[in-house]
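Per the numbering used here, the sequence shown starts with residue 20, numbered consecutively.
Virtual Cβ for every residue (Gly too), placed ideally from N, Cα, C.
Quick caveat, the model's predicted, so the values are computed rather than measured.
The block underneath contains the structure these notes are about, expressed in structure tokens.
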Amino acid sequence: MNTSAMQAVLVDRYGDADVLNVQEVARPLPQPGEVLVRIRYASMIPLDWKVRRGWLQQVFPLVLPYVPGFYASGTVESVGEGVADLHVGDRVFGDVRGAYAQYAAVPAEALVKLPDSVSLETAAAIKAGADSAWKALFLEGDLQAGQTVLIHAAAGGVGQVAVQLAKRAGATVIATASADNLEFVRSLGADKVIDYRSEDFAQSASGVDLVVDTVGGDTELRSWGVLKRGGILVSLVGDPDAEQAAAHGVTAKFNTRFAEREHLLQIVDLIAEGALKIETGRVYPLSEVREAHRFSEQRRGRGRILLAPQE
20 MNTSAMQAVL
30 VDRYGDADVL
40 NVQEVARPLP
50 QPGEVLVRIR
60 YASMIPLDWK
70 VRRGWLQQVF
80 PLVLPYVPGF
90 YASGTVESVG
100 EGVADLHVGD
110 RVFGDVRGAY
120 AQYAAVPAEA
130 LVKLPDSVSL
140 ETAAAIKAGA
150 DSAWKALFLE
160 GDLQAGQTVL
170 IHAAAGGVGQ
180 VAVQLAKRAG
190 ATVIATASAD
200 NLEFVRSLGA
210 DKVIDYRSED
220 FAQSASGVDL
230 VVDTVGGDTE
240 LRSWGVLKRG
250 GILVSLVGDP
260 DAEQAAAHGV
270 TAKFNTRFAE
280 REHLLQIVDL
290 IAEGALKIET
300 GRVYPLSEVR
310 EAHRFSEQRR
320 GRGRILLAPQ
330 E
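Below, the structure is given as structure tokens:
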């Protein structure tokens, strides 16, 4: 076995899932301040295929070819000069650029060490969902006990965590999901679950303090009317319509604040205590990355899709 090489997904042009190709490339070496992570699970998020399609070239300018992926979990394989807090064998998760690969060199400060009680599979979904839920509810949404929150796509990687965190904070939770996921979302603690295909949430919800929108488009358009005046809409997919916000007397937010290490550590503690559960979705080997992207683009299913580069 060539220990200086690894398998990675390369994208040499923008396009559909067929531009994803698994190739053998050189294994990176950790530079000062970095560690080499042996990636166990790479998170697949909608941003991955939006970048791949070339829709976000102004936001994420890339040099082709590039290795996709933003978040992962794994173990520390080797440590670069000047790294004191992480050691070979440590289990970690965090921001991993180029996560669709067997290994990645990552700044040590971008990683969080895991307790033994939290699995690497679960950890891969923290930066790809749990931190966004925390940000939307508490950092941007300022959710308080006694308020009402509407969470869209509540069975997804962000939504399922948002439901649990909101209930834990003492809020009343209204959630939208597909028919297949209604019972799952109820089991997370949602007070009211709406099948978005058969029922118009805009007719079933009103006087809401906070909307967490992970869908956008028509879902955002119909969400303005369910908010009470002075309410907040937090979009996780794009800049919300400022004119609509002003017309309805509400606040609209998008990427104004981000979860920090202290928040991630709180999330890890909740998972370790069993107070927060994260259900991941399908797990694909690296060789099936095209099928994984196609499934992700259908925007259905439950939990975060993962790649397993070592399988």
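key: R110 versus D135, T141, P47, residue with shortest Cα-Cα distance   = Along the sequence shown, one-based indexing puts residue 110 at 91. Among D135, T141, P47, the Cα nearest to that of R110 belongs to D135.
message = Please identify the residue among V95, V177, G52, L55 whose C-alpha is closest to the C-alpha of K296.
response = Here residue 296 is taken as the residue at index 277 of the sequence shown, counted from 1. The option with the nearest alpha carbon to K296 is V177.
Residue environment, L39, which counts as buried when at least 16 other CB atoms sit within 10 Å = As a working mapping, residue 39 is identified with position 20 in the sequence shown. Flag for L39 reads buried.
request  = Please go through the same chain and pick out, in chain order, the residues whose beta-carbon is closer than 7 Å to the beta-carbon of S85, but skip the five residues on each side of it.
outcome  = What you label residue 85 is simply residue 66 of the sequence shown in a count that begins at 1. Inspection of the sequence shows that residue 85 is occupied by Tyr rather than by Ser. Closer than 7 Å at Cβ, skipping near neighbours: V30.
ask   = Smallest Cα separation from R71: which of V98, A36, P51?
value = The sequence position of residue 71 within the sequence shown is 52, counting from 1. That would be A36, whose Cα lies nearest to the Cα of R71.
key: Of the listed residues E159, V192, N274, nearest to A173 (C-alpha basis)   = If you number the sequence shown from 1, residue 173 lands on position 154. The shortest Cα separation from A173 among E159, V192, N274 belongs to V192.
ask   = CA-CA distance, E100 and A45?
value = Along the sequence shown, read from residue 1 onward, the residue named residue 100 stands at position 81. Along the sequence shown, read from residue 1 onward, the residue named residue 45 stands at position 26. Whole-angstrom Cα-Cα distance: 20 Å.
ask   = Considering I297, what are the terminal residues of the alpha helix (DSSP H) in which it resides?
value = In the sequence shown, counting from the first residue as 1, residue 297 sits at position 278. Per DSSP, I297 belongs to no alpha helix (DSSP H) and is neither H nor E.
request  = Sort out for me which residues DSSP pairs N40 with in a bridge.
outcome  = To locate residue 40, count along the sequence shown from 1; it is residue 21. BP columns for N40 point to L29.
inquiry  = Bridge partners for S97 per DSSP, in chain order?
reply    = Against the sequence shown, residue 97 aligns to sequence position 78. DSSP output for S97 lists L55 as bridge partner(s).
message = Runs of 3 residues minimum, wholly inside the stretch 228 to 287: which ones carry the beta strand (DSSP E) assignment?
response = 246 to 254, 270 to 272
ask   = Quick one: what's I213 bridged to in DSSP?
value = Taking the sequence shown and counting its residues from 1, one reaches residue 213 at position 194. According to DSSP, which records beta bridges pairwise, I213 is partnered with T195.
query = From what residue to what residue does the beta strand (DSSP E) around G339 run?
reply = What the structure shows of the chain is the stretch from 20 to 330, and residue 339 is not part of that stretch, so it cannot be assessed.
query = So T167 is in the alpha helix (DSSP H); what residue range does that whole segment cover?
reply = Here the question's residue 167 lines up with position 148 in the sequence shown. T167 -> not in any alpha helix (DSSP H); beta strand (DSSP E) instead, spanning 167 to 170.
message = Going by the DSSP bridge assignment, what does Y119 pair with across the sheet?
response = For the purposes of this step, residue 119 is taken as the residue at position 100 of the sequence shown. None, per the DSSP bridge assignment.
key: Beta-carbon contacts of L83 that lie in its chain and below 6 Å, excluding the five residues immediately before and after   = By one-based count along the sequence shown, residue 83 stands at place 64. D31, listed in sequence order.
task = Consult DSSP for M20 and reduce its assignment to one of helix, strand or coil.
result = Against the sequence shown, residue 20 aligns to sequence position 1. Here M20 scores only 48 on pLDDT, less than 50, and its place in the model should not be relied on; the value that follows carries that caveat. M20: coil per DSSP, three-state reduction.
query = Is V180 near G148, with beta carbons less than 8 Å apart?
reply = For the purposes of this step, residue 180 is taken as the residue at position 161 of the sequence shown. For the purposes of this step, residue 148 is taken as the residue at position 129 of the sequence shown. Yes, the Cβ-Cβ distance between V180 and G148 is below 8 Å.
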